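Those protein sequence lines, which keep their order, are chains A and B. Going by our numbering, 49 is the number at position 49 of the first sequence; the sequence numbering is gapless. Position in the second sequence (first residue = 1) + 1000 = our numbering. Ideal placement from N, C-alpha and C gives every residue a C-beta, glycine not left out. On a predicted model such as this, the values are computed, not experimentally measured, just so you know.
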Amino acid sequence: MTQDLVVLFVDDEIPILRSIERAFRKAPFKVLTVADPKNALKLIDTIPIHAVVSDYRMQEMTGLELLRIVKDRLPSVPRIILSGFADETLITEGLRTGDIHKYLLKPIDMDKLQSQIITLLKGA
Amino acid sequence: MTSSEQLLKEIELLKRANEREKLAREEAENLLDTRATILYEINQKLSTQYDALAQRSKEIEFLHSVTGLLEDGVSFEKALGSFLELVCRLCDWPVGHAYFVQRTEEPLVLRSSKIWHLRDEERFKEFKNVTEGFSFHEGEGLPGRVLKSGLLHWIQDIRKDENFPRAALLKDTPVRSAFAVPIILDSKVIAIAEFFAGSITDKVQRTLEIVDAGASQLSSLYGQQVARNQLKENYETLQQTQLQLIQSEKMASLGTIAAGVAHEINNPISFILSNIDTVSGYLESLTSLIDVYESFRSELGAPSLKMIDEARDRYDIDYLLKDSASLISETKEGIDRVRDIVQGLKTFSRVDEAEQKEADINECIEATLKVLSNELKYKCKLERNYGSIPRVLCYPGQLIQVFTNLFLNAAQAIEKKGTIRVGTSTDDKEIHIMVSDTGHGIKSENMKNIFTPFFTTKPVGKGTGLGLSVSYGVIKKHGGDIEVESEYGKGTTFKITIPIRRAV
């Protein structure tokens, strides 16, 4: 795996994004972070993205809504919800229909998150 | 005209006058007679009317008194006693007695209520004893006939009555005429009042009608009292239900708040935890770098070494390096504790819905005890009393959490040595679980708060105050109930009921 692989993180809390950038500085993939889901959609149209990890509850749209759009545009890209709180019935439905590949709960051990992402990247 | 002619004429005149006078007197006497007769008749009439009015007044007084019999929560028995007395006074009869219908028995039986009104205890002693020893079925004797018909029954003379079994047992019969009336509730005869005269008495239809009206009045008053009590009871039940509703609503709203709080806290925890790991990594790198510097000490001149060592002392670097590891681990421990609290909050708010499945509650309890054996084994003697209970549809993981809370609380309540008892049983509708300990108990002023989130009597850091509120939420979610009984200084018992549901 090389740094050519790009994982996009979406969360409206900047400190979370900063902590992710720090934790994955040496990860075998490149980390991109955006606080606004709309910018995330602009990004996936402009540069190659290989996985998207999104928070659930955000201002503009929910992570599930965002990842559904991502699915339409990049069906093979792994999609993960990383949240401290989510509507579990909707999430379960999202997992069932394949809108998302994984649902992870905050707080999560960053090593664990990294290995989960890597597993999904390898499978993609 | 001669003088004798004159005299004759005068005599004739006097005679005629006398004749007239006699006629007039006779006429007057006749008139007087007629008047006197009329007067007598009027007098007679007045007297009868007076008697009738006096009787009416007695009747009205009777009915009025009956109306007041059940005022201010007077018992039915007491009212019945007063009714007997009122009827005896109205009829001027010496004996009144009442029966109750034994509705629990089949066929219906009438037994003496032992409520009597006797004008002369001694005279009617034998009759009373005989009567109280008797029981009547429908159609038997005086009360049995009233029970059957639901109507007033009159006996002119009990000695001549063919259906008066008591007469056979009486040595002498101090009572002769009799009648009985029913007291009816919801179209069912519930009691019968019987009355006896000491001699054969004429049947006065009107008085009987009044007594019958009085009995109906008493019946309807009793009906109202029963309805009122029922209403009161319903009201109290309603009030209780409302309290429970408020309680569960309070819990539900706390749950919603808890869920929101959990979310808000999880985000910062998330980056704090991650950042601490990062800081830890940074520190390790810096330490390694310092080690590299140290390895080059021999190549440095004395002035440089002196400056380096001075700086090392000034910044307390030796201590910093030694302490930073525990600084990081203690901080992480703090965050872990916050995370555990949030986890508890989430369970309380039912955010984490696991799958429902059929499970054996005895097995759940055993699994819990296994996990906790280390915590319990040194100071608690365990007594298990598992009943044979069916598997039920439940959230086993959450029930285990409840049992964990109860066992840990029990163990904490025991200071040195004590006993924890756990038992299960079933009544085919519900499963009953009991966990009791011989610990220090709960102070009565704390009892009302023990299921309230964040309420704890444990020292800071020892308890979150969430254990029992979470347990409460879990049991309520199962449609069950959790109750606590405790005696301060003696111990505490938790009783849980869970309705038996099976997977469909």
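- Contact note: Pro107(A) reaches chain B through Asn1266, Ile1269, Ser1270, Leu1273, Arg1339, using a C-beta cutoff of 7 angstroms and chain order.
- Using a Cβ-Cβ cut-off of 9 angstroms, Ala1259(B) is close to Phe85 of chain A, given in chain order.
- Sequence-ordered contacts of the stretch 8-30 of chain A with chain B read Glu13, Pro15, Ile16, Arg18, Ser19, Ile20, Arg22, Ala23 [C-beta pairs closer than 8 angstroms].
- In this structure, Phe1127(B) places its C-beta atom within 8 angstroms of the C-beta atom of Leu1170(B).
- Per the C-alpha coordinates, the member of Asn1446(B), Val1279(B), Arg1089(B) positioned closest to Ile1060(B) is Arg1089(B).
- Pro37(A): member of the alpha helix (DSSP H) spanning 37-46, first to last residue.
- With respect to Ile47(A), Leu74(A) sits apart: the two C-beta atoms are not nearer than 8 angstroms.
- About 5 angstroms separates the beta carbons of Arg1391(B) and Asp1360(B), which is inside the 8 angstroms limit, making them a contact pair.
- According to the DSSP assignment, Leu1013(B) belongs to the alpha helix (DSSP H) that extends over 1003-1067.
- Legend: CB atoms of the stretch 1275-1289 of chain B lying less than 7 angstroms from CB atoms of chain A belong to residues Asn1275, Asp1277, Thr1278.
- With fewer than 16 other CB atoms across the displayed protein chains lying within 10 angstroms of its CB, Pro1303(B) is exposed.
- Any Cβ of chain A closer than 8 angstroms to the Cβ of Ala1262(B) would place that residue at the interface, and such an atom is present.
- Here Met58(A) is buried. Its C-beta has 16 or more other C-beta atoms within 10 Å.
- Lys30(A): member of the beta strand (DSSP E) spanning 30-34, first to last residue.
- Counting of Cβ neighbours within 10 angstroms places Glu1005(B) among the exposed residues, the total staying below 16.
- In the DSSP annotation of this structure, the continuous segment of the beta strand (DSSP E) that includes Gly1491(B) starts and ends at 1491-1499.
- A straight line joining the alpha-carbon of Tyr1050(B) with that of Lys1148(B) spans about 39 angstroms.
- According to the DSSP secondary-structure assignment, Glu1383(B) is paired through a beta bridge with Arg1421(B).
- Annotation for Glu1483(B): no alpha helix (DSSP H) segment contains it, though the beta strand (DSSP E) segment containing it runs 1481-1487.
- Against Met110(A), the close residues of chain B are Leu1273, Ser1274, Asp1277, Thr1278, in the order they occur along the chain (beta-carbon pairs closer than 9 angstroms).
- A contact between stretches requires three or more CB pairs, one per stretch, nearer than 8 angstroms, and the stretch 1264-1274 of chain B meets this requirement with the stretch 16-26 of chain A.
- Membership of Ala1079(B) in the alpha helix (DSSP H) is indicated by the continuous run 1076-1091.
- Your pair Glu1138(B) and Pro1107(B) checks out as a contact, with CB atoms roughly 7 angstroms apart and the cut at 8 angstroms.
- Tyr1099(B) carries a strand assignment under DSSP once its states are collapsed to helix, strand and coil.
- When DSSP states are grouped into helix, strand and coil, Thr1104(B) belongs to the coil group.
- Classified as exposed, Asp1340(B) has fewer than 16 neighbouring CB atoms from the shown chains inside 10 Å of its CB.
- For Thr1104(B), the closest C-alpha among the options Ala1054(B), Val1292(B), Ile1190(B) is that of Ile1190(B).
- Looking at the DSSP output, Ala1178(B) bridges to Ile1155(B), Phe1196(B).
- In the three-state reduction of the DSSP assignment, Met1434(B) falls in the strand class, which pools E and B.
- Beta-carbon to beta-carbon, Ile1192(B) and Ala1178(B) are separated by about 12 angstroms, too far to satisfy the 8 angstroms threshold.
- Asn1362(B) and Leu1369(B) have their C-alpha atoms spaced approximately 11 angstroms apart.
- Counting every other CB atom within 10 Å of its CB across the protein chains shown gives Met110(A) a total of 16 or more, marking it as buried.
- A distance below 6 angstroms between beta-carbons, with the five flanking residues on each side excluded, links Lys1203(B) to the following residues of its chain, in chain order: Trp1154.
- Membership of Lys1357(B) in any alpha helix (DSSP H) is not indicated; the residue belongs instead to the beta strand (DSSP E) covering 1357-1359.
- Taking a 10 Å sphere around the C-beta of Lys1160(B), we find fewer than 16 other C-beta atoms and assign the residue as exposed.
- Proximity of the stretch 94-107 of chain A to the stretch 1284-1292 of chain B falls short of the contact definition, fewer than three beta-carbon pairs being nearer than 8 angstroms.
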